[in-house]
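Below: the structure, in structure tokens.
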Amino acid sequence: WLIVNYWATWCGTCMKELPELIDFHENNDVDAVVVGINFEEIEAKNLKEFVNTKPIPYTVLSTVPVRKTPLGPVPALPTTYIIDPDGNVVAGEIGIVTRENLESYIAQKKD
């Protein structure tokens with residue numbers, strides 16, 4: 001399972017969600033991988049510094065904001081997509097996702 005989370009450093013809601021994603025990542029690293037995609041225009045050194053100060057333990061990539069990503073639209077931040085082991089986008093969520101929500105969703109789909 002791949003959890004792709006679009007976020008930005010200036011996004012207060014994203015910062016509230018961050019501990020949930022870190023917790024999910026640290027407790028589900030066998031079954032799932034979290035990738036954060038920074039969705040703002042920010043210098044690489046500033047993003048790296050931000051990631052290191054939190055610290056964010058999962059992979060963080062960066063892209064400039066676009067209307068539609070390869071996974072789907074990102075109308076607001078945070079936006080999270082869930083990709084199953086076969087590479088299919090099976091869910092998308094605008095707003096905060098929690099460790100519990102992610103674990104519950106994946107458990108239901110495994111059955």
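Per this note's numbering, the sequence shown starts with residue 1, numbered consecutively. Note that beta-carbon positions come from the ideal geometry of N, C-alpha and C, so glycine has one too. The structure displayed is predicted, hence computed values, not measured ones.
May I ask which residues mark the beginning and end of the alpha helix (DSSP H) holding residue i?
i    : result
G12  : 12-27
I106 : 99-110
Measuring CA to CA, which of the options is closest to residue i?
i   : options              : result
G92 : A44, V51, Y81, K110  : Y81
L2  : H25, I94, R67        : H25
I94 : P75, I22, A107, L102 : P75
L21 : P55, V66, V90        : P55
T69 : T59, V89, T53        : V89
Below 8 Å on the Cβ atoms is my contact criterion, and I expect residue i with residue j to pass it. Report the Cβ-Cβ distance as a whole number of Å.
i   : j    : result
T63 : I37  : 6 Å
W10 : E40  : 7 Å
L77 : C14  : 6 Å
L61 : V30  : Wrong, their Cβ atoms sit about 22 Å apart, outside the cutoff.
E17 : I96  : 4 Å
N28 : E103 : 7 Å
Could you spell out the range, first to last residue, of the beta strand (DSSP E) harbouring residue i?
i   : result
A44 : Where A44 is concerned, there is no enclosing beta strand (DSSP E), although the alpha helix (DSSP H) it sits in stretches over 44-53.
I37 : 33-39
Y81 : 79-83
T63 : 59-63
G92 : 89-94
I3  : 2-7
Assign residue i to one of two classes, buried (16 or more other C-beta atoms within 10 Å of its C-beta) or exposed (fewer than that).
i    : result
E165 : What the structure shows of the chain is the stretch from 1 to 111, and residue 165 is not part of that stretch, so it cannot be assessed.
V66  : exposed
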